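The structure appears below as structure tokens.
Protein chains: 4
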Amino acid sequence: MDQSNTIENLAVRLQRFAADRDWEQFHNPKNLAISVSIEAGELLELFQWLTPDQAAVYADLPSQRERLAEEMADILIYLVRLTDVVGIELLDAALRKVALNESRYPVEKVKGSAVKRDPN
Amino acid sequence: MDQSNTIENLAVRLQRFAADRDWEQFHNPKNLAISVSIEAGELLELFQWLTPDQAAVYADLPSQRERLAEEMADILIYLVRLTDVVGIELLDAALRKVALNESRYPVEKVKGSAVKRDPN
Amino acid sequence: MDQSNTIENLAVRLQRFAADRDWEQFHNPKNLAISVSIEAGELLELFQWLTPDQAAVYADLPSQRERLAEEMADILIYLVRLTDVVGIELLDAALRKVALNESRYPVEKVKGSAVKRDPN
Amino acid sequence: MDQSNTIENLAVRLQRFAADRDWEQFHNPKNLAISVSIEAGELLELFQWLTPDQAAVYADLPSQRERLAEEMADILIYLVRLTDVVGIELLDAALRKVALNESRYPVEKVKGSAVKRDPN
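Residue numbers (the numbering used here), protein chains in the order written: chain B, 1275 to 1394; chain D, 1275 to 1394; chain S, 1275 to 1394; chain Z, 1275 to 1394.
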């Protein structure tokens, strides 16, 4: 793995991007949470009218993958920017949440059945 | 940095979580994009009625930080699961997008002014 | 039709609801748009892991219909409150948009095929 | 009020729009809920980087009002289409929900204070 290719480095690069443009003023937690949500809608739009099977095929089309990658990237960018602004370690939080989900949803109880309430 | 604390390792852990529970059947790209969007709404709800200043204060409250961390974690979890299912490198995509934004929004042109259209 | 059962009357009732509680201060256009989006996520959550067919069955279950109705109601409530606050006639706007869609998507051109870009 | 300008008539017009184009196949409850959510994101995008005050000013600009009206219309269109497909009376549901909120949030208890959890 390229050592520079980490969430921490992405956070630093986004800090500089915002600072250079004097955009820190717009990057308060509320606006960044809004931005994550807007970008999530744009990702979802790619699959809007597709059946689940068609969506899986679509996600494999070479012609569509860069668009798809870009929409996912936008979400990560704002999410990492938000975690940096509020000073929360995103990967640590995710690992704590996965551990919580593992204990909340024991294999023997939930195997194969969709839970009514999603784990998150 | 803890070597185990990477997006790649999170992806592997989520693979196992889903496989153990026979939940891969639910994790098609469309459902995972939906899930990212739902979780983004839950994050946004934390700030719903707060002014931007109040939201910044809220994000600093020790009593609220775990809740905030958890909502951000949920977004990352589904986003990483989605990128893993479709086989896209999330951090690479984010770095490509940042580079694109850097060239799209030259400092001398946009400094200090909100762009009408957000960069992403 | 019950004459009181109109969007206009709903708007008036929501005005009074907010005024009585001194909540108008929170009902600026940005917060109301956020609220519409949060509620849309809650609606979507009802269908999160269901196949399209299962979602249709779910929507017919007597036990689920009030929950479903309530989530749709929440969206309408914030949307009507927003249109009232900004002074836009929601139904007029919708009818103009439908007319626009009718001319943008002529039957003979689009029949049976999903448009890449959704009409709205 | 123009008698034709009702949610019921909008629903009928949307039925015909979909039937004429053979698009009913795409209009299952899950896809329509997704569409409401996507459109809510597009509305929110109009206010993304604005302060609450700027958002209120923006919503009053003659040059922006048609764009704003269109985004709100898109949400209503998919919401009404969804309620029609699942056979739920949207205005009735909204009025029931308002009545519920009125009893849940008695004036004397909540006046002037934002509730932690939004009413909906």
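C-beta atoms are modelled at their ideal positions from N, C-alpha and C, and glycine is treated no differently.
These numbers were taken from a predicted model, which means no experiment stands behind them.
What does residue i touch in chain S if you count any residue whose Cβ is under 8 angstroms from its own?
i, result
"Z/Arg1295", "Tyr1379, Val1381, Val1384, Lys1385, Gly1386"
"D/Asn1305", "Gln1322, Trp1323"
Secondary structure at residue i, three-state DSSP: helix, strand or coil?
i, result
"B/Asn1287", "The question names Asn, but residue 1287 of chain B in the sequence shown is Arg. Of the three classes helix, strand and coil, the one that applies to B/Arg1287 here is helix, per DSSP."
"B/Glu1363", "coil"
"Z/Ala1333", "helix"
"S/Thr1357", "helix"
"Z/Gln1322", "coil"
"Z/Tyr1352", "helix"
"S/Asn1302", "coil"
"S/Ser1377", "helix"
"B/Ala1314", "helix"
"D/Ala1292", "helix"
"B/Lys1385", "coil"
"D/Ser1309", "helix"
"D/Thr1280", "coil"
Measure the alpha-carbon distance for residue i versus residue j and round it to whole angstroms.
i, j, result
"D/Arg1247", "B/Thr1280", "Residue 1247 of chain D lies beyond the residue range present for chain D, which begins at 1275 and ends at 1394; the question has no answer from this structure."
"B/Ser1311", "S/His1301", "20 angstroms"
"B/Lys1383", "D/Asp1348", "22 angstroms"
"B/Asp1294", "D/Glu1376", "10 angstroms"
"D/Val1286", "B/Glu1363", "19 angstroms"
"B/Gln1289", "D/Leu1353", "22 angstroms"
"D/Gly1223", "B/Asn1283", "One cannot answer for residue 1223 of chain D here, as it falls past the ends of chain D, which runs 1275 to 1394."
"D/Leu1356", "D/Ala1292", "12 angstroms"
"B/Gln1299", "B/Val1331", "41 angstroms"
"Z/Thr1325", "D/Gln1338", "23 angstroms"
"Z/Arg1370", "S/Ser1278", "13 angstroms"
"D/Pro1380", "Z/Pro1380", "53 angstroms"
"B/Pro1336", "S/Leu1335", "41 angstroms"
"S/Asp1327", "B/Asp1327", "13 angstroms"
Using 8 angstroms for Cβ pairs, my map puts residue i next to residue j. What's the rounded Cβ distance?
i, j, result
"B/Val1359", "B/Leu1320", "Not confirmed; about 28 angstroms, so no contact."
"B/Ala1368", "D/Ile1351", "6 angstroms"
"Z/Ala1343", "S/Lys1304", "About 17 angstroms; that fails the 8 angstroms criterion."
"B/Leu1317", "B/Glu1340", "Contact flag wrong, Cβ pair sits at about 13 angstroms."
"B/Ala1314", "D/Ala1314", "4 angstroms"
"D/Asp1296", "B/Gly1386", "4 angstroms"
"S/Ala1388", "B/Trp1323", "4 angstroms"
Along chain B, which residues have their Cβ under 8 angstroms away from the Cβ of residue i?
i, result
"Z/Phe1300", "Trp1323"
"D/Val1286", "Those within 8 angstroms of D/Val1286 in chain B number zero; the least Cβ separation is about 11 angstroms."
Residues of chain B with a CB under 7 angstroms from the CB of residue i: which are they?
i, result
"S/Ile1308", "Ile1308"
So with CB distances below 9 angstroms, who are the chain B contacts of residue i?
i, result
"S/Ser1311", "Ile1308, Ser1311, Ile1312, Gly1315"
"D/Leu1335", "Those within 9 angstroms of D/Leu1335 in chain B number zero; the least Cβ separation is about 11 angstroms."
"D/Ala1292", "By Cβ distance, chain B contributes nothing, its closest Cβ being about 10 angstroms from D/Ala1292, past 9 angstroms."
At 9 angstroms on the CB atoms, spell out the chain D contacts of residue i, in chain order.
i, result
"B/Pro1339", "Contrary to the premise, residue 1339 of chain B reads as Arg rather than Pro in this sequence. Simply Val1360, Gly1361, Ile1362."
Please list the partners that residue i has in chain S, where partner means a Cβ-to-Cβ separation under 9 angstroms.
i, result
"Z/Arg1355", "The contacting residues do not exist; Z/Arg1355 stays about 10 angstroms from chain S at best."
Report task. Identify each residue in the stretch 1316-1330 of chain Z for which the Cβ-Cβ distance to at least one residue of chain S is less than 7 angstroms, and report them in chain order. Result -> Leu1317, Leu1318, Phe1321, Leu1324, Pro1326, Ala1329, Ala1330
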